[in-house]
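Here the structure is laid out as structure tokens; the discussion comes afterwards.
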Amino acid sequence: MSKKNRSGIIYSTNPDFEYQSDESAEVATLSPSQQNLKIWLVKLGGNKVVTTIRGFIGTGTDLADLGKQLKTACGSGGSTKDDEILIQGDHRDKVLTWLTGKGYKARKAGG
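Under our numbering, the sequence shown has 352 at position 40, and the numbering climbs by one with no breaks.
Pasting the structure below:
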């Protein structure tokens, strides 16, 4: 742990002292039937459209794996960041059918 993350602790005379970080451990990945995913269409600047999948509960590596599978299924680029999967273009219907086919609870969200 870097010293920058230790807020307020400078020195302790207690030999048994162990610093308790505020960082929470990653949550275990839920099974597909327990996931409640929402598929959004977001318009970015420059008339760019991005399909966003939110609501995934699990580890970052599982989120990245799911994002890679979705990008391959859609034949498009994208990324995973901030607990979201971003896919370039309007692929809401493809993503919805792919996720429901794999057993995920998913639905379209937003206007």
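Virtual Cβ for every residue (Gly too), placed ideally from N, Cα, C.
Since the structure is predicted, the reported quantities are computational estimates derived from the model, not experimental observations.
| Query | Result |
| --- | --- |
| To the nearest angstrom, report how far apart E396 and T364 are at their CA atoms. | 7 Å |
| Which runs of the beta strand (DSSP E), 3 residues or longer, sit entirely within the segment 362-410? | 390-393, 396-400 |
| Out of N326, I351, S343, which has the shortest C-alpha to C-alpha gap to A418? | I351 |
| Which whole-angstrom value is the C-beta distance of K393 and L408, which I expect to be below 8 Å? | Going by Cβ atoms, the distance from K393 to L408 rounds to 22 Å, so no, they are not a contact pair. |
| Which two residues bound the contiguous beta strand (DSSP E) that contains V354? | 348-356 |
| Starting from the Cα of G387, find the closest Cα among D374, L375, A376, D402 and give me that residue. | D402 |
| What span of residues does the beta strand (DSSP E) with A418 cover, start to end? | 417-420 |
| Since K414 sits in a beta bridge, which residues does DSSP pair it with? | None, per the DSSP bridge assignment. |
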